[in-house]
Amino acid sequence: MKTFGILFCSVLMFCFSVSAKEVEGDNNYVKKSFRVDDFYKVKTNGAFNIVYHQSKDSAGLIKMYGEENILNSMKVESKEGVLNIKFDSPSKKDFGVVILDIFSSALNEVENDGGAVFETGGHIAGSEVYFLLMGNGQIRTGELDYGIVRAKILTGSGDIFLKGNCRTAELTITGGGEIKAHELKARDVKCKITGNATIGCFAEENLKALITGSGTVYYNGNPKIKKNAIGVGKVLPLGGVKVD
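Those letters in the sequence shown? Residues -20 to -1, 1 to 224, per mature numbering (1 follows the signal peptide of the UniProt record, and there is no 0), in order.
Okay, structure coming up:
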């Protein structure tokens, strides 16, 4: 029985070492393109460079560029309106650049986890969009035209850059990181910071800031300001004087 236990543990350790084996890029850069079902939400887990394009005519088109064996180890699939981009196994990967251009008719939500850089190309529009960042990646948008724009950094110290126009912007950071939305013009803005982080915004009429910790909210515009702070949080006009 003891021998069986030792053998079983050895098999488990071998399987783990195989699954955890590092996969290195083969330096053979190729292009791939294919189509998936149209999607409105993107979930990514991996250090990829992703550019989103809003296009009804090209909805579902995926273009990829990278080392061939790395692309072959990726899983890109659309199911029930959600496009998932990730590796098909948890083994460590050592690779160069991976670029994906993805196309859909609309974008309502982005969930970026694992260090990806997610960008939107050109003008995109809709009723509501939500950008969620976890880890140390980035989200960068071109011109947005939405009724409601929500952005949140949940963990890590990544960055979100927003520009365009909306009616309402809701910007939240838990921990570190920075949301730069001073080029996103909104009628009403709500900012919430827990920790030591920074949010920049553009509020035309109303700005509500809730800060727990030592965060700072910077703003463009001339809004009516309502500030609630627990700690030493600050609300400052860009280049201006502190609002108590």
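Just so you know, even glycine gets a beta-carbon here, dropped at the ideal spot from N, CA and C.
Keep in mind it's a predicted model, so treat the numbers as computed, not measured.
{"query": "Distance between alanine 105 and lysine 11 (C-alpha atoms, nearest Å)", "result": "29 Å"}
{"query": "The segment 10 to 24 in contact with the segment 51 to 66 per 3-pair CB rule at 8 Å", "result": "yes"}
{"query": "Identity of the residue in Phe14, Gly138, Arg147 nearest valine 56 by Cα", "result": "Phe14"}
{"query": "Residue(s) in a DSSP beta bridge with leucine 151", "result": "Ala131, Cys171"}
{"query": "Per-residue burial, serine 107 [other beta carbons within 10 Å of its own, 16 or more giving buried]", "result": "exposed"}
{"query": "Check whether alanine 96 and glycine 117 have beta carbons under 8 Å apart", "result": "yes"}
{"query": "Asparagine 49: first and last residue of the uninterrupted alpha helix (DSSP H) it sits in", "result": "48 to 52"}
{"query": "Ranges of the beta strand (DSSP E) found wholly within the segment 173 to 218, counting only runs of at least 3", "result": "178 to 193, 196 to 200, 204 to 211, 214 to 217"}
{"query": "Rounded separation between isoleucine 133 and phenylalanine 83 - CA only", "result": "24 Å"}
{"query": "Three-way DSSP call (helix, strand, coil) for lysine 36 in this model", "result": "coil"}
{"query": "CB contact check: tyrosine 20 to chain B, cutoff 8 Å", "result": "Absent here is chain B; the protein component of the structure consists of one chain."}
{"query": "Where the beta strand (DSSP E) containing leucine 80 begins and where it ends", "result": "79 to 84"}
{"query": "Euclidean distance between Cα positions of tyrosine 199 and glutamate 163", "result": "10 Å"}
{"query": "Host beta strand (DSSP E) of leucine 112 (start-end)", "result": "104 to 114"}
{"query": "Straight-line Cα distance separating methionine 54 from alanine 27", "result": "12 Å"}
{"query": "Three-way DSSP call (helix, strand, coil) for lysine 160 in this model", "result": "strand"}
{"query": "Neighbour-count burial assignment, methionine 8, 16 or more Cβ in a 10 Å radius", "result": "Correcting the residue identity first, residue 8 is asparagine in this sequence and not methionine. Result: exposed."}
{"query": "Within 8 Å, strictly: CB atoms of isoleucine 119 and phenylalanine 98", "result": "yes"}
{"query": "Residue closest to glycine 5, alpha-carbon to alpha-carbon, out of Phe75, Thr24, Pro203, Asn29", "result": "Phe75"}
{"query": "Residue closest to glycine 193, alpha-carbon to alpha-carbon, out of Glu185, Gly144, Thr154, Gly219", "result": "Thr154"}
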